[in-house]
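Beneath this line is the structure, given in C-alpha cells, with notes to follow.
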Amino acid sequence: MGIFYNRPELVQARDEWRRNGKAVVFTNGCYDILHPGHVRLLEKARSLGDVLILALNTDASVARLKGPTRPLIPQTERAQMALALEAVDAVTFFEEDTPRELIAEVLPDILIKGADWAHFIAGREEVEAAGGKVMALALEPGYSTTNIVEELLAR
65 MGIFYNRPEL VQARDEWRRN GKAVVFTNGC YDILHPGHVR LLEKARSLGD
115 VLILALNTDA SVARLKGPTR PLIPQTERAQ MALALEAVDA VTFFEEDTPR
165 ELIAEVLPDI LIKGADWAHF IAGREEVEAA GGKVMALALE PGYSTTNIVE
215 ELLAR
C-alpha cells in the first residue's frame, strides 16, 4: 500500500529514493472513477521504474477542468483508492490546472501520460532539461471516465 505525501514530504521522499538508486516515475490525472484503463496505465508506468508517484487533481481543479458536476468522487476517496493499488507507491494532490509546478519540484526520472495527452504533456520541458524521459503510453480501448458517466446517466 502506498503513502500519501504533501509536496514538501514528497520532495524529501524523492531525495531518499534517489539516494537509494531508485528510478522515480510520475503520472497524474483526475482519476474520478477508477477503472481498468487507469489501473493498467498505472501498472505499465510502475514497470518502467522503481517508485510510482500519482498526482491527483484536487476537487477544485477537477471542477474547473471537467465542470461543476465533477468530481463525482471526493479527492480523499480518490487518493484512498489509488493508494490501495499495488502499482502506486505515493499519492499527492495538486490544485493547479496542470501539474507543471509540482513536476518541476519533483523532477522525476520518467514522466508518463496517456497517449490522449501526447500533444501536451505538462512538465515535459522541465523533465527533459533535467535529463529525464517523457513518455505517452497507449490507452486501453473502451475505458473513459466521461464515457462511463454518460452511459450511467443514459440508463
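If you want the numbering used here, it's the position in the sequence shown, counting the first as 1, plus 64. Think of the CB as a built atom: it goes at the ideal place given N, C-alpha and C, for glycine as much as any other residue.
Quick one: using the 10 Å Cβ neighbour count with 16 as the cut-off for buried, is residue i buried or exposed?
| i | result |
| --- | --- |
| F158 | buried |
| L129 | exposed |
| P8 | With the chain covering 65 to 219 only, the question about residue 8 has no answer from this structure. |
Please state whether the Cβ-Cβ distance between residue i and residue j is less than 7 Å.
| i | j | result |
| --- | --- | --- |
| V115 | V88 | yes |
| L203 | G178 | yes |
| V152 | G66 | yes |
| L120 | A143 | yes |
| V126 | P132 | no |
| L187 | I167 | A small correction: the amino acid at residue 187 is Gly; Leu does not occupy that position in the sequence shown. Yes, Cβ-Cβ distance for G187 and I167 is below 7 Å. |
| T209 | D96 | yes |
In the DSSP output, what is residue i paired with across the bridge?
| i | result |
| --- | --- |
| N92 | A119 |
| T133 | None; T133 has no bridge partner. |
| M199 | I176 |
| T156 | A119 |
| I67 | A154 |
Apart from the five residues on each side of it in sequence, which residues of its chain come closer than 6 Å, Cβ to Cβ, to residue i?
| i | result |
| --- | --- |
| R110 | L116 and A151 |
| E107 | A151 |
| M199 | I176 |
| L98 | M145 |
If you drop the 5 nearest sequence neighbours on each side, which residues of the same chain put their C-beta closer than 8 Å to that of residue i?
| i | result |
| --- | --- |
| K197 | D173, I174, L175 and V191 |
| T91 | L105, L106, A109, L116, I117, L118, A119, L175, I176 and K177 |
Apart from the five residues on each side of it in sequence, which residues of its chain come closer than 7 Å, Cβ to Cβ, to residue i?
| i | result |
| --- | --- |
| G113 | A87, V88, V89, D173 and I174 |
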